[in-house]
Amino acid sequence: MASSALPAILVVDDEPQSVEAIARIIEDEFTVLRATNAQQALQILENEWVQAILCDQRMEPRTGLDLLMEVRERWPDVIRLIIT
Numbered sequence: 348m349a350s351s352a353l354p355a356i357l358v359v360d361d362e363p364q365s366v367e368a369i370a371r372i373i374e375d376e377f378t379v380l381r382a383t384n385a386q387q388a389l390q391i392l393e394n395e396w397v398q399a400i401l402c403d404q405r406m407e408p409r410t411g412l413d414l415l416m417e418v419r420e421r422w423p424d425v426i427r428l429i430i431t
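Take the position in the sequence shown, starting the count at 1, then add 347; the result is the number in the numbering used here.
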């Protein structure tokens, strides 16, 4: 589990280099959790307390929009942002 006092943000993108680029930008202010697909993201959400998700819109096989719709149902307090 994320043990830092910093808020946790989950970055989800099927391009690992995009995940790392975003993580480098925000890691001083947030605990950054990383996923490269929707399944990984859901596994993290089941085990970690995440305040926000930055999610790529275009991913395969499951889109970011589809993932965030499920997150809204299961974890309604998580802030959800789509990135492209």
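C-beta: ideal position from N, C-alpha, C; glycine also.
Every value quoted in this text rests on a predicted model; they were computed, and no experiment measured them.
DSSP three-state assignment for valine 359, whether helix, strand or coil:
strand
Option in Glu407, Val366, Trp396 with minimal Cα separation from arginine 421
Trp396
State the Cα-Cα distance for the pair arginine 419 and alanine 385, rounded to the nearest angstrom.
14 angstroms
Beta carbon of isoleucine 356, beta carbon of valine 379: below 8 angstroms?
yes
The beta strand (DSSP E) with alanine 399 in it runs from where to where?
399-403
Could you check if leucine 414 is buried or exposed, using at least 16 other CB atoms within 10 Å of its CB as the buried criterion?
buried
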